[in-house]
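Right, one structure below, let's go through it.
In our numbering, the protein residues as written are 5 to 325.
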């Protein structure tokens with residue numbers, strides 16, 4: 005391998021690298037095979053490049069492979085006909101297989117990269133899931149400007165009756181700042197979750213820890229046309245999120261439910277494990293709500309409810325005090 009930064013040239017001929025080792029109790033292996041690659045301001049070309057990595061440990065394994073083929077263009081307009089990524093991972097009873105490929109365009113001088121035709125799929129299998137296996141087709145694009153430290157991802161998928169569209173932007177890499185927009189036409193969460201196990205009254209109550217909220221800058225919106233979760237049927241959910249300084253604010257938080265509507269806000273704060281909820285429920289039909297929520301047929305009519313709750317503590321019991 006020969007490289008000249010002054011002339012902006014790179015030449016690789018029959019390069020093969022391999023490494024093995026351990027990270028804790030996990031064993032890893034890396035392999036690189038680059039038969040031929042030539043890059044200069046005038047021209048770029050080469051043969052298929054293969055990079056593979058494996059990681060194996062107690063009850064888990066990961067195998068990943070990256071293939072680059074069809075290199076052409078030059079240093080300022082580098083084109084790769086196909087970038088393909090394969091992933092095969094297992095952890096306990098869960099198995100994940102993923103495939104992504106796209107042509108790639110890059111400007112090495114400007115430090116920009118574009119994958120404009122991302123296509124692929126993710127297969128998820130677990131015997132504990134009601135459907136046992138879930139396959140998600142993927143389509144989208146990815147662009148990154150390394151000099152300006154920003155990136156944009158657009159990704160769409162569909163499974164069963166749900167259509168999902170995600171837009172994700174990284175405003176800066178360090179510290180990481182994320183802006184996202186998630187749009188789902190309909191989603192039934194219940195059909196993807198295993199049946200609830202009977203409550204163990206002797207089990208020790210778990211601690212609430214909001215420390216995961218710290219150190220992030222995330223802003224975005226979530227819209228769901230129709231949602232079912234824990235038998236509750238919701239519609240036109242709209243939530244705007246802001247996570248900064250260890251505090252998550254969801255406001256506005258609005259939705260329709262049981263012939264009525266709800267609007268308000270939700271706040272979680274890592275400082276002192278604080279929770280705040282404000283909601284105004286208007287025109288709610290009581291009977292179908294109670295049937296789905298508690299499986300009880302007790303009341304008829306409609307109701308309005310105003311909630312303004314705040315609490316803090318390291319457990320649900322402490323929150324209730």
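No residue lacks a Cβ here, since even glycine has one placed at the ideal position from N, Cα and C.
Computed from a prediction, not measured in an experiment: that's the story for all the values here.
Can you tell me the Cβ-Cβ gap for residue 263 and residue 289, rounded? I've got them flagged as a contact below 8 Å. Residue mapping note: residue 263 aligns to position 259 of the chain shown, counting from 1. Residue mapping note: residue 289 aligns to position 285 of the chain shown, counting from 1. Contact between residue 263 and residue 289 holds, with the beta-carbon distance rounding to 4 Å and staying under 8 Å.
Is residue 217 helix, strand or coil by DSSP? Counted from its first residue, the chain shown places residue 217 at position 213. In the three-state reduction of the DSSP assignment, residue 217 falls in the helix class.
Check residue 292 in the structure and name its three-state DSSP category. For this step, residue 292 is matched to residue 288 along the chain shown. Residue 292: helix per DSSP, three-state reduction.
Once DSSP output is grouped into helix, strand and coil, what is the label at residue 79? Locating residue 79 in the chain shown gives position 75, where the first residue counts as 1. In this structure, DSSP gives residue 79 a state outside helix and strand, which the three-state scheme calls coil.
Cβ pair residue 14, residue 38 closer than 7 Å: For the purposes of this step, residue 14 is identified with residue 10 of the chain shown, where counting begins at 1. For the purposes of this step, residue 38 is identified with residue 34 of the chain shown, where counting begins at 1. The Cβ atoms of residue 14 and residue 38 do not sit closer than 7 Å to each other.
Spatial distance of residue 133 from residue 100 (CA atoms): Counting from 1 along the chain shown, the entry for residue 133 is found at position 129. Counting from 1 along the chain shown, the entry for residue 100 is found at position 96. Taken atom to atom, the span from the alpha-carbon of residue 133 to that of residue 100 is near 13 Å.
Tell me whether residue 321 sits in a helix, a strand or coil according to DSSP, three-state version. On the chain shown, position 317 is the one that residue 321 refers to. Residue 321 falls in the helix class under three-state DSSP.
Could you pull the DSSP bridge partners for residue 306 from this structure? Translated into positions along the chain shown, residue 306 becomes position 302. DSSP lists 289 as partners of residue 306.
Tell me the start and end of each unbroken beta strand (DSSP E) in the segment 136 to 168 that is at least 3 residues and wholly inside, in chain order. Within the segment 136 to 168, the complete beta strand (DSSP E) runs of at least 3 residues are 137 to 149 and 154 to 163.
Tell me, please, which residues DSSP counts as bridged to residue 27. Indexing the chain shown from 1 puts residue 27 at position 23. In the DSSP secondary-structure assignment, residue 27 is bridged to 30.
In chain order, what residues of the same chain lie with their CB nearer than 6 Å to the CB of residue 55, ignoring the 5 residues before and after it? Here the question's residue 55 lines up with position 51 in the chain shown. Counting only Cβ-Cβ distances below 6 Å, and skipping sequence neighbours, we find 36 and 70.
Could you give the C-beta distance for residue 180 and residue 174, rounded to a whole number, given that I count them as a contact under 8 Å? Within the chain shown, residue 180 is the residue found at index 176, counting from 1. Within the chain shown, residue 174 is the residue found at index 170, counting from 1. Contact between residue 180 and residue 174 holds: their C-beta atoms lie close to 7 Å from each other, under 8 Å.
So, for residue 121: in the same chain, excluding its five sequence neighbours on each side, which residues have a beta-carbon less than 8 Å away from its beta-carbon? What you label residue 121 is simply residue 117 of the chain shown in a count that begins at 1. So the qualifying residues of the chain are 106, 107 and 145.
Whole-angstrom C-beta distance between residue 252 and residue 272, which should lie under 8 Å: Locating residue 272 in the chain shown gives position 268, where the first residue counts as 1. Locating residue 252 in the chain shown gives position 248, where the first residue counts as 1. Here residue 272 really is in contact with residue 252; their C-beta atoms are around 4 Å apart, less than 8 Å.
By a C-beta neighbour count over all protein chains shown, 10 Å radius and 16 as the cutoff for buried, is residue 48 buried or exposed? By one-based count along the chain shown, residue 48 stands at place 44. It counts as buried.
Could you compute how far the alpha carbon of residue 130 sits from the alpha carbon of residue 94? By one-based count along the chain shown, residue 130 stands at place 126. By one-based count along the chain shown, residue 94 stands at place 90. Distance between the alpha carbons of residue 130 and residue 94 is about 10 Å.
Span of the beta strand (DSSP E), counted from its first residue to its last, around residue 47: Locating residue 47 in the chain shown gives position 43, counting from the first residue. Run containing residue 47: none; DSSP gives neither H nor E here.
Taking C-alpha atoms, which residue in 124, 11 and 153 lies nearest to residue 117? Taking the chain shown and counting its residues from 1, one reaches residue 117 at position 113. Looking at 124, 11 and 153, the one whose alpha-carbon comes closest to that of residue 117 is 153.
Own chain, CB closer than 6 Å to residue 89, minus 5 neighbours either side, in chain order: For this step, residue 89 is matched to residue 85 along the chain shown. Exclusion of the five residues before and after residue 89 leaves 70 and 104 as the residues of its chain whose Cβ lies within less than 6 Å of its Cβ.
Helix, strand or coil: how does DSSP classify residue 195 here? Taking the chain shown and counting its residues from 1, the one referred to as residue 195 is at position 191. In the displayed model, residue 195 falls within a helix according to three-state DSSP.
Quick one: Cα of residue 267 to Cα of residue 313, how far? Mapped onto the chain shown, residue 267 falls at position 263. Mapped onto the chain shown, residue 313 falls at position 309. Using only the alpha carbons, I get a separation of about 14 Å.
Please name the residue in 185, 157, 256 and 189 whose C-alpha comes closest to that of residue 164. The residue labelled residue 164 in the question sits at position 160 within the chain shown. For the residues 185, 157, 256 and 189, the minimum Cα distance to residue 164 belongs to 189.
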